[in-house]
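The structure appears below as structure tokens.
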Amino acid sequence: MSSVAVLTQESFAEHRSGLKDTEITGGIPEDEAYIPTYLEAFPPLPDKGAQGERSGGPAGAWCKIPPIKASVITQVFHVPLEERRYKDNSQFGEGDEAKVCLDIMQRTGAHIELSLAKDQGLSIMVTGKLDSVMKARKEIVARLQTQASSMVVIPKEHHRFVIGKNGEKLQELELKTATKITIPRPDDPSANIRITGTKEGIEKARHEILLISAEQDKRAVERLSLEKAFHPFIAGAYNRLVQELSQETGARISIPPPSLPKDEIVITGEKEAVAMAIARIRAIYEEKKRKTTTISVEVKKSQHKYIVGPKGNTLQEIMEGTGVSVEMPPLDSGSETIILRGEPDKLGPALTQVYAKVRRTRKDDRWKDWVLACTLGKWCYLLIKHVKFTELTSVCKHTLGQERKCVFVSTKSPDMFWLTILNFMERMDYTEINIDQRFHRHLIGKNGANINRIKEQYRVSIRIPQDSERCGLVRIEGDPEGVQLARRELVDLAQRMENERTKDLIIEQRFHRTIIGQKGEKIKEVRDKFPEVIINFPDQSQKSDIVQLRGPKNEVEKCAKFLQKLLMELVESSYSISVPIFKQFHKNIIGKGGANIKKIREETHTKIDLPTENSDSEMIVITGKKSSCEVARDRILSIQRDLAKLTEAEVTIPAKLHNSLIGWKGCLVRSVMEECGGVHIHFPAEGSGVDRVIIRGPAAEVERARRQLLQLAEEKQVNRFSVMLQAKPEYHKFLIGRGGANIRRVRDRTGARVIFPSAEEPDQERITIVGREEAVRQAQRELEALIKNLEDVIEDSMVVDPRHHRHFVCRRGQVLRELAEEFGGVMVSFPRTGTHSNCIALKGARECVDAAKRRIQEIIQDLESQVSVEVVVPQRYHRTVMGPKGCRIQQITREHDVQVKFPERDESSAQEACPVENGGTSPETDSAPRRCDVITVTGQLEKCELARVALLALVPVTVDVVAPYDLHRYIIGQKGSGIRKMMEDYEVNIWVPQPEKQLDVIKVTGQEASVERARQALLDRVKELQAEQEDRALRSYKVTLSIDPKYHPKIIGRKGAVISQIRKDHDVSVQFPDKSDEQQDMIVIWGYERNVEDARVAIEQMVAALQEMVSEDVWLDHRVHARIIGARGKAVRKLMEEFNVDIRFPQPGSEDPDKVTVTGLPENVDKAIHHLLNLEEEYMLSVTETETLAAYMKPPSRTAGLRGGDDESKGPTKGFVVRDAPWNVPGSKAPDMSSPEDFPTFGSGVAPKQTSAWGPKKI
């Protein structure tokens, strides 16, 4: 047999299970498990030599890593003197250049050194990382070197290649050339690219851009050499001919400018288009060369500029009008010969135009209005600066008529002066835009912020007319590009303001808090949804329902619809009805622990408010959606019907009589209910049109109330006759009269009732007269006479002393508005301020005008009889007297019709003043009051006295409240919540002494009435806390029980159910000992004495019952325990409940795994054990069948059978074996433990170092 090695069986259990049974020789039985060889069980590791070879490739690659470039670079460049922006050389290194360099160093992180050359040029050395150096170089060039600007035109489709992906190419180009490159937006049709920077940078950038365009333009390029004299004919006037040719052929034609001495015309594009363009150009050239001739004229050099015109416009005009080309000599040439080239019959008119331009006067040159304004206005300094080389002897302006404006200039060098003027005009432009004058103040902004920003940003001058000019024309002057940009921004601002709208929404103030939400969360969501809309809610003290929306028209409309929808939902869910329920049934409706009322609230989603126990009200208020409220009402009424023998009767009364039967605020129907023993009378909702009235209550009282209602309805029906009148709403107040005097007189004389429409009714002109027919007719005649007089409009005047005018027109004409509302819309006009007129005009109905005049006289008499009363209140109390936002003073002025004026605040006096309690005076204070303490009240004498009393009542007082020191922390509450709530509820300030002082006095400061209420509340709180202390003392009664710990789990119950029920039933606390306690049998009960005794008796009875129980052990095969217990103990729990016993199974690893303990009453234990044995017998059948089946599925090995199947006869296992182990090879010897070959050491004699495939290690 082969040699084997014996290993531990457990270590290789998984390995053995994975080996296949194979047939082996050597005397091993056929069914014996296959024994693996040593190499199969322990395969050798790969050869390290092969590994070295495999890793050689990557190692070589790492050895060839390219060198890393330096991270810090240095660049040096120069700025010549003529290109330096700051030339102040007074102190080098301390001027603007140094400040700019410091700023750039901070922003980019690069190091900058400046040096000044002998020629005053600037040498700059920049050191740092590549990105920092490039950014710093760009900023230095932009801020220290004068900037030029140039335009380069490439096809629009090539712009994106200049920009590059995410703008990277453009940024790289700007950094490389130190320029600013502006590319038009995609929606801008312009193809011009503006380059701003130094001359060299512009040239480099231009070259790079053209290279990019040329690379992208893969079309044909042809160059034609034609005489330069014929280029103007090919180009045409204003380059129109060459543009048309480019459009027709699709080729791009580049003709050199006249100043460039080149005769080469470059044509690019598709080959066919280029060929077509060449053919057309050659045809034009050959035709003009054949037909044209030339003439030469001599013109003084100084007059050439008049022939050229600004930007060569005059030459183009001649070319357009006559088809003749005028060739001018170069400016640096001394030649005065001008050559005209064209067809012979057109040379004459062209020559005439040339001489006409030559004869142009220089002394009386009419400028455009805008140039004149610039020259003689703000820009005159710039003009003189541009012509500083000339000596201007005089500059004066003359106006010849409305259309002709002239400037006469005397100078020693007129030619150079005019050339400078023309150049200056080329760099200037203007535009005028018409903007509605009402937007001018918004364009200017606060303190001119908007207009100044636009002026500085675009370097233009903007003139906005004064309001007195009544003109909307806005004028912009300056650089042409800046003028257009400023114009665009001003037009955008005007359009935005014109599109802005303001809309007022009527939302009841009671919904404002709900819409705003807690801490503004809900209104923030609305504002996030409509960010361009400004939503303004009125202040709570204003009692206003108007919510203002302002913003773009469309957004305002969307926001208004959203808020109206939200309001409708709030209105729908705030519907409320009142249900009268007899007081004795309220507790039944609430239910035990509030169960009934809670269930109704949850199922109907309503809010149900019941009156307090000490209230006499029987009304239960239900709030929510209408349908839900009605369901809740029906359920509440059904509870009442089930509890009492109530009768419900219906009475049919016409709906038009319901209001008259209800009476003013329900006074009439309330008297009927009280008289009939408290029955409940329910009228249908107003406007429903239902005639049915429901009466609920005892049968006798219901019948009595029914008879009274029918009697009242009959009386109302007999006396009810109505007539409708039409009158303008502004007449209603005059018809009613002051305090209802007029309408009361009509009612007293006729006995009829006059009803005016409410604010909610759609028809505001309808007046209803109700009563007996003859009384209604009489009242109708009187009212018609009054209305007729009101419609008779007259104009009248009266004299009012000018010193009283301000009273009528102040506060935005509040008094005049009140007069108009009270006297039928009468119009009162006061003279303008400064006219010194004392006559006022009144216009309206005769009676209204007369009544208004009488009222004005009354007001004047009141004003003349007014007095001023001084009220002395210490300055430190003024803020308290005023109240939040002056609300308290406003209330006093409204109630007493007076004016209250507070003195200026004296800060020095306020700081030096000593605190005085209860409004008293300091003994050191002088008898004369300080001016800063005197409040002036102006008005009628008696009203001033009332106002003085009201003001003094607002002066805060301080009261001491005695509260035991040990109760202070309970009064303050957690984190001061208790004392803070009390201060908010009673509007007082409460001072609690510091804990270390241990004082019993609490100070309350505020208005006298509020202080008294707060003092009483504090005393009540003290009584409540003292009662709680006494209650705690009563609840501290404690009893200790000694009970065997083995009964503790039974007393506690499953998940504490038993002990929790004891605590709940007896309102006590029960504490069991902890595991670490020495006395494990002690149970503590505390609470009220009686409750504690009841709980003790209950526990003792439970223990007595437990002591009667017995415990018996039964042995059940551990293989059926799981079946008996069931999933999550469900089966055994059911058994315990069925037999009223406790069944305990052994813990895993127990010495006796079959032992089960059953505890309970003897008869119950016997029954439970008998049942368990039956279950064991039943379950063991299935267990035996399962094991037999498993034995067939996996039979044991024959070797195990030879050793015997009895578990007790098992000997030690053979373990895991392998064949051909090296230590079992014949002739092998045991390894030498001291041999370095068998057991080499680490760290010495190591093989040559191999380079890792991941590259050299870095330390």
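Just so it is clear: in the sequence shown, position 1097 is 1097 by the UniProt record's numbering, and no numbers are missing.
All residues carry an ideal CB built from backbone N, CA and C; glycine is no exception.
No experiment lies behind these values; they were computed from the predicted model shown.
Quiz item: Three or more beta-carbon pairs under 8 Å between the segment 198-212 and the segment 225-239, yes or no?
Solution: no
Fully enclosed by the segment 1050-1135, which alpha helix (DSSP H) runs are 4 residues long or longer? 1057-1066, 1089-1107, 1121-1125
Discussion item. Please tell me whether, using a cut-off of 6 Å, the distance from the CB of Asp-763 to the nearest non-hydrogen atom of the ligand COA is below it.
Written reply: Absence of the ligand COA is noted for the structure shown, with no ligands found whatsoever.
Practice prompt. In the DSSP assignment, find the unbroken alpha helix (DSSP H) run with Cys-559 in it and report its ends.
Written response: 553-573
* **Contact set for Val-631: own chain, Cβ-Cβ below 6 Å, skip 5 residues either direction** => Thr-604
- To which residues of the same chain is Ile-339 closer than 7 Å at the C-beta, ignoring the five residues directly before and after it? Thr-294, Ser-296, Glu-327
Nearest neighbour of Leu-315, chosen from Ile-535, Ala-928, Asn-239 [CA to CA] = Asn-239
field: the segment 1020-1029 / the segment 1074-1081 touching (three or more Cβ pairs under 8 Å)
entry: no
Quiz item: Should Ile-476 be labelled buried (16 or more other beta-carbon atoms within 10 Å of its own) or exposed?
Solution: buried
Asn-536 versus Ile-506, Asn-554, Gln-518, residue with shortest Cα-Cα distance | Ile-506
**Study point:** Local conformation of residue 1269 per DSSP, three classes
**Key:** For the chain, the structure presents residues 1 to 1259; residue 1269 sits outside this window and is missing.
Next on the checklist: Which residue wins for smallest C-alpha separation from Met-497, given the options Gly-520, Ile-253, Leu-473, Asp-436?
Outcome noted: Asp-436
key: Whether Ala-713 touches Ile-653 by CB criterion (7 Å)   = yes
> Do Val-898 and Ala-947 have their CB atoms nearer than 7 Å?
Replying inline: yes
Note to self: One question on the structure: do Leu-941 and Val-867 come within less than 7 Å of each other, judged by their Cβ atoms?
What the structure shows: yes
Self-check item: Residue range of the unbroken alpha helix (DSSP H) whose run includes Lys-599
Solution: 595-604
**Report entry** Beta-carbon proximity of Lys-728 to Met-798, cut-off 7 Å
**Finding:** no
Query - Own chain partners of Arg-194 with C-beta closer than 7 Å, once the 5 adjacent residues on each side are dropped - result: Ser-149, Met-151, Thr-182
**OP:** Determine the DSSP secondary structure at Thr-390, reduced to helix, strand or coil.
**Re:** The pLDDT assigned to Thr-390 is 40, lower than 50, so where the model puts this residue is not dependable; a value taken from the coordinates is nonetheless given after this. If DSSP states are grouped into helix, strand and coil, Thr-390 belongs with coil.
| task | Say whether the segment 958-976 touches the segment 932-940, bearing in mind that this needs 3 or more beta-carbon pairs closer than 8 Å, one atom from each stretch. | result | no
Cβ distance (whole Å) where Ile-695 is taken to contact Val-669 below 8 Å: Their Cβ separation, rounded to whole angstroms, is 11 Å, which puts Ile-695 and Val-669 out of contact at 8 Å.
**Message:** Run through the DSSP bridge pairs and tell me what Phe-721 is partnered with.
**Reply:** Gly-771
Considering residue 1308, what are the terminal residues of the alpha helix (DSSP H) in which it resides?
Since the displayed the chain opens at 1 and closes at 1259, residue 1308 lies outside it and no answer follows.
Quiz item: If we ignore side chains and look at the alpha-carbon of each, how far apart do Ile-209 and Arg-223 end up?
Solution: 21 Å
Euclidean distance between Cα positions of Leu-120 and Glu-227: Contrary to the premise, residue 120 reads as Gln rather than Leu in this sequence. Approximately 46 Å between the Cα atoms of the pair.
Subject >> As assigned by DSSP and simplified to three states, the class of Pro-155 >> reply: coil
- Measure the beta-carbon distance from Ile-253 to Ser-246 and round it to whole angstroms, keeping in mind my assumption that it falls under 8 Å. 5 Å
Checklist entry - Hey, Val-491 and Glu-432 are a contact pair by Cβ (cut 8 Å); roughly how many whole angstroms apart? => result So it is not a contact: roughly 12 Å between Cβ atoms.
- Below 8 Å, can you find three or more Cβ-Cβ pairs linking the segment 524-541 to the segment 573-586? no
| field | Collapsed DSSP secondary structure at Pro-232 in the structure displayed | value | helix
Q.
Which residues does DSSP list as the beta-bridge partners of Ser-829?
A. Ala-841
Discussion item. By DSSP's criteria, Ala-1038 is part of a beta bridge. Which residues make up the other side?
Written reply: Before going further, note that residue 1038 is Lys rather than Ala in the sequence given. Trp-1086.
Quiz item: Quick check: the segment 1035-1054 against the segment 1089-1109, are there 3 or more CB pairs under 8 Å?
Solution: yes
- Message: Considering only their Cβ atoms, is the gap separating Ile-1043 from Ile-1083 smaller than 7 Å?
- Response: yes
Residues near Glu-1012 in its chain [Cβ-Cβ closer than 8 Å; skip 5 each side]:
Val-959
ask   = In terms of DSSP beta bridges, what is Tyr-430 paired with?
value = Glu-477
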